[in-house]
Structure formats: C-alpha cells, structure tokens
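Numbering (this note's numbering), first residue to last: -6 to 131.
Right under this line is the structure:
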C-alpha cells in the first residue's frame, strides 16, 4: 500500500534529481529523509566549503538552511511557487569538514506567507547553525 508520505518522498527525490545541475548540486546537497513533517538533507562538507580558517563557511550553512526550509515551504504549497523573503541565521558554534545534517520544519503559514525553522548539525549532533525563514507564496 502506498501512502502520501511515500509519494512525497518519491516527489522529493525527483526534485533533487532535477535540481542536480542547479545550486543544489553545485553545493553538494543530498536528500536524506522526510518524516513527521521534518525534512533532512545532508552535505559532505569538503575543503571548498571551508573558510580560510578551516571552518565551514557561513554562506554554506546559510544556503543549507535556506534550501531545507524552502523545501518545507514547497511541501506546504505543492501547487504554488514560493520564494525566500527573509532569512535569519544564528551561528552557534563552528562546523568543520565532514557530514552535515540539516533539518527543517514548518512553523506557521497564512494565505501568502510561510515560516519555517531549521538546524545544521555535525555528524555527532552538535548544533552549529540555526535559523528561521519566511517564504512568500507567489
């Protein structure tokens, strides 16, 4: 028996494949899971993702948050387009090369606006970056 979550996962895998030649692929993102309204994506942070002092660049973690929260916004409105209008990022502690896991979930939605929150953690579960995003339905 096929449930809605299985269909959504297949749809997300199709979106990830279609996004491969875009910024998603350039960054190196991969879809991991969608469960209980929480999306998880991952990035294997490599030397080109680091800043000159050896930590994952803040622009990388900001992009990861924007991407994961944007996917949650797209899931909330699958027949409409959404764009980021606001991104708040808090750099809590440094992240280094290695596998990063990014989770995002819906916080609130209205007719034209969607708010989400997200976290970027290292493979041990240490929080590095967290944020919120607001997306406009266009």
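Using N, Cα and C, we set each Cβ at its ideal position, and we do this for glycine too.
Classification of residue i by the beta-carbon crowding that lies within 10 angstroms, buried from 16 upward
i: residue 46; result: exposed
i: residue 109; result: buried
i: residue 3; result: exposed
i: residue 8; result: exposed
i: residue 59; result: buried
i: residue 124; result: buried
Residue i versus residue j: straight-line alpha-carbon distance, rounded
i: residue 95; j: residue 116; result: 10 angstroms
i: residue 14; j: residue 104; result: 32 angstroms
i: residue 136; j: residue 128; result: There is simply no residue 136 to check, as the chain begins at -6 and stops at 131 in what is shown.
i: residue 73; j: residue 30; result: 18 angstroms
i: residue 75; j: residue 50; result: 26 angstroms
i: residue 111; j: residue 120; result: 11 angstroms
i: residue 10; j: residue 118; result: 27 angstroms
i: residue 5; j: residue 28; result: 12 angstroms
i: residue 12; j: residue 89; result: 25 angstroms
i: residue 133; j: residue 126; result: Here the chain has residues from -6 to 131 only, and residue 133 is not among them.
i: residue -2; j: residue 65; result: 13 angstroms
i: residue 61; j: residue 99; result: 11 angstroms
i: residue 16; j: residue 32; result: 18 angstroms
For residue i, the nearest candidate out of the options (CA to CA)
i: residue 48; options: 122, 17, 65 and 128; result: 122
i: residue 114; options: 19, 87, 75 and 1; result: 87
i: residue 107; options: 19, 89, 16 and 63; result: 63
i: residue 102; options: 124, 130, 61 and 1; result: 130
i: residue 93; options: 125, 44, 12 and 53; result: 53
i: residue 40; options: 91, 18 and 0; result: 91
Residue i beta carbon near the ligand SAH (any heavy atom closer than 8 angstroms)
i: residue 63; result: Annotation note on the ligand SAH: not contained in the displayed structure, which lists no ligands.
query = Pairing CB atoms from the stretch 81 to 91 with CB atoms from the stretch 19 to 28, are three or more of them under 8 angstroms?
reply = Using a C-beta cut-off of 8 angstroms, the stretch 81 to 91 makes no contact with the stretch 19 to 28, since fewer than three inter-stretch Cβ pairs fall below that distance.
message = Would you call the stretch 64 to 71 in contact with the stretch 36 to 45, where contact means no fewer than 3 C-beta pairs closer than 8 angstroms?
response = The answer is no - the stretch 36 to 45 does not touch the stretch 64 to 71, with fewer than three Cβ pairs under 8 angstroms.
message = Please give the ranges of any beta strand (DSSP E) in the stretch 24 to 99, keeping only runs that are unbroken, at least 3 residues long and fully inside the region.
response = Listed in chain order, the complete beta strand (DSSP E) runs (minimum 3 residues) inside the stretch 24 to 99 are 31 to 38 and 75 to 84.
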